[in-house]
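A.B. asks: Before I ask anything, here is the structure I am working with.
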Amino acid sequence: MHTDITVLDNLVAVNLSVTIWSARRKLTAEDFSGGVSTASLPPEELASLGSKRICNPADLRVFGTLKSRATTLLDRNGVRFLGGWALPETNVPAVQAELEAIATEFIKEKEAFLSRYDDAVRDWIQANPGWESIIANSLVSADYVRSRFGFTWQMFKVQTSENHSGQSVNTGLTEAVTSLGQTLFGEVAKSATEAWHKSFVGRQEVTRKALSPLKTIYNKLNGLSFIEPRVAPVADLLSTAFSAVGKKGHITGANLVMLQGLVSMLSDPEALLSHAQSILEGSSPDMILDSFKSGPIVYDVGQHVDEDPGEDSGNNQDVLPPKGKLLPAGPRLDSLGLW
1 MHTDITVLDN LVAVNLSVTI WSARRKLTAE DFSGGVSTAS LPPEELASLG
51 SKRICNPADL RVFGTLKSRA TTLLDRNGVR FLGGWALPET NVPAVQAELE
101 AIATEFIKEK EAFLSRYDDA VRDWIQANPG WESIIANSLV SADYVRSRFG
151 FTWQMFKVQT SENHSGQSVN TGLTEAVTSL GQTLFGEVAK SATEAWHKSF
201 VGRQEVTRKA LSPLKTIYNK LNGLSFIEPR VAPVADLLST AFSAVGKKGH
251 ITGANLVMLQ GLVSMLSDPE ALLSHAQSIL EGSSPDMILD SFKSGPIVYD
301 VGQHVDEDPG EDSGNNQDVL PPKGKLLPAG PRLDSLGLW
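For what it's worth, the UniProt record's numbering labels the leading residue of the sequence shown as 1, then goes sequentially.
Structure representation (structure tokens):
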């Protein structure tokens, strides 16, 4: 199945542009006027790969954190598209409000950094005795630094050029749209694999916090359910699983095995699509989730995680593959005859 070009009617494209001053300058011959030797090289925290830092990178860390928050926000709500993201129209107001909040914080942190820029540089020089000159000789003005910070985004609708003679003008756009479903399922698989290794592998018990990444996946799928027919069944499967585990208490036993099976399935795009198709053809989410309870999670041929791993397995370590075998990129689930 491919995504129809008409889904553009329900999508808003987003381009995010965040620039952060690197605080790096190119190393020059003048920086080593006394000759170069292993003993005369500046410390790694000051210089590396032909460049030098003229400010403590810790002073700039907050900007990378804010950029990551914005990227995560868009990843949670949309799907990668045309170098940016495609958001469902219904999510735009909330995403816009959150981006504005992050941008406000970014500007606040930028002004705070610039207000103490001279002190920050002076502190960095003092923290690197013996290398004062290679820092001082490369300093830039606060106005220049200000120009290197930016946090902007654009939201816009994408439309086909229906009135243009010939179809070649829409070729690239058509391909990007038709692959949206594949892109979405790939992003779900990546998120599920991260959740698997962080919260589920080898565990005999998990807290309800382990459901958080699954709820994020559910919200993403639910918002983008119009992209292609197999998205909604996967969202239904997650919703049914949330109901099955209840609202309170730790998750253990058959319910945990069921969740492990679900996460394993989500991490495998081929299995995910097969189960989604089976729901479209009449299988119920309850039946599929029940099937997960009856089988172990398979890592490789002849290897699985028992429902009760025992004392020596440890609660926080991945099960290692047999010697000489490579662990697959994500967990794999026994088909149990379903695909």
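Cβ coordinates follow ideal geometry from the N, Cα and C atoms, glycine included. None of these values were measured; they are calculated from a predicted model.
Is the stretch 77 to 86 touching the stretch 116 to 134, taking contact as three or more C-beta pairs under 8 Å?
C.D. replies: Per the Cβ contact rule, the stretch 77 to 86 is not in contact with the stretch 116 to 134 (fewer than 3 Cβ pairs under 8 Å).
A.B. asks: Determine the direct distance from the alpha carbon of R24 to that of I134, and round the result to whole angstroms.
C.D. replies: Cα atoms of I134 and R24: separation of roughly 12 Å, rounded to the nearest angstrom.
A.B. asks: Buried or exposed for D306, going by 16 or more other Cβ atoms inside 10 Å?
C.D. replies: Below a pLDDT of 50, predicted positions are generally treated as unreliable, and D306, at 42, falls in that range; no measurement from the model is reported.
A.B. asks: How would you write the range of the alpha helix (DSSP H) that L182 sits in, first residue to last?
C.D. replies: In the sequence as presented, Leu is not what sits at residue 182; that position holds Gln. Looking at the DSSP string, the run of the alpha helix (DSSP H) that includes Q182 is L180 to A195.
A.B. asks: Report buried or exposed for K52, applying the criterion of at least 16 other Cβ atoms within 10 angstroms of its Cβ.
C.D. replies: buried
A.B. asks: Which stretch, first to last residue, makes up the beta strand (DSSP E) that contains V151?
C.D. replies: The sequence shown places Phe at residue 151, not Val. Residues G150 to F156.
A.B. asks: Since S17 is in the beta strand (DSSP E), which residue starts that stretch and which ends it?
C.D. replies: L11 to T19
A.B. asks: Just verifying my parser: in three-state terms, what is the DSSP assignment at T90?
C.D. replies: helix
A.B. asks: Assuming contact is defined by CB atoms lying nearer than 8 Å, are V263 and A192 in contact in what I supplied?
C.D. replies: For V263 and A192, yes; Cβs fall inside 8 Å.
A.B. asks: Spatial neighbours of N255 within its chain, please: C-beta separation below 6 Å, excluding the five flanking residues on both sides.
C.D. replies: V245
A.B. asks: So who's on the other strand from R53, going by DSSP bridges?
C.D. replies: R24
A.B. asks: Tell me, please, whether the stretch 261 to 277 touches the stretch 174 to 193 by the rule of three or more beta-carbon pairs shorter than 8 Å.
C.D. replies: A contact exists between the stretch 261 to 277 and the stretch 174 to 193.
A.B. asks: Which residue comes first and which comes last in the beta strand (DSSP E) that contains R80?
C.D. replies: Note, R80: beta strand (DSSP E), V79 to F81.
A.B. asks: Looking at C-alpha atoms only, which residue of D59, L280 and V201 is the closest neighbour of A112?
C.D. replies: Checked all of D59, L280 and V201; the closest Cα to A112 is D59.
A.B. asks: Taking the straight line between their C-alpha atoms, what separation do you get for S22 and V95?
C.D. replies: 27 Å
A.B. asks: Does the stretch 216 to 229 come within contact of the stretch 268 to 275, defined as at least 3 CB pairs closer than 8 Å?
C.D. replies: no
A.B. asks: If we count Cβ pairs, one from each stretch, closer than 8 Å, do we get three or more for the stretch 87 to 104 versus the stretch 69 to 79?
C.D. replies: yes
A.B. asks: Can you tell me the Cβ-Cβ gap for N77 and F226, rounded? I've got them flagged as a contact below 8 Å.
C.D. replies: No, N77 and F226 are not in contact; Cβ-Cβ is about 14 Å, not under 8 Å.
A.B. asks: Determine whether the beta carbon atoms of Q204 and T252 lie at a separation below 8 Å.
C.D. replies: It is a contact, given that the beta carbons lie within the stated cut-off.
A.B. asks: Consult DSSP for A29 and reduce its assignment to one of helix, strand or coil.
C.D. replies: Caution is warranted here: a pLDDT of 47 is assigned to A29, below 50, making its placement in the model unreliable, and the coordinate value is therefore given only provisionally. Helix.
A.B. asks: Would you tell me roughly how many angstroms separate the C-alpha atoms of F156 and Y218, rounded to the nearest one?
C.D. replies: 25 Å
A.B. asks: On the DSSP bridge assignment, give the partners of E205 in chain order.
C.D. replies: T252
A.B. asks: Output the boundary residues of the alpha helix (DSSP H) element that contains D118.
C.D. replies: Y117 to Q126
A.B. asks: Count the other C-beta atoms from every protein chain shown that fall within 10 angstroms of the C-beta of R230, then say buried if there are 16 or more, exposed otherwise.
C.D. replies: buried
A.B. asks: For E228 and D4, what's the separation of their Cα atoms in angstroms?
C.D. replies: 8 Å
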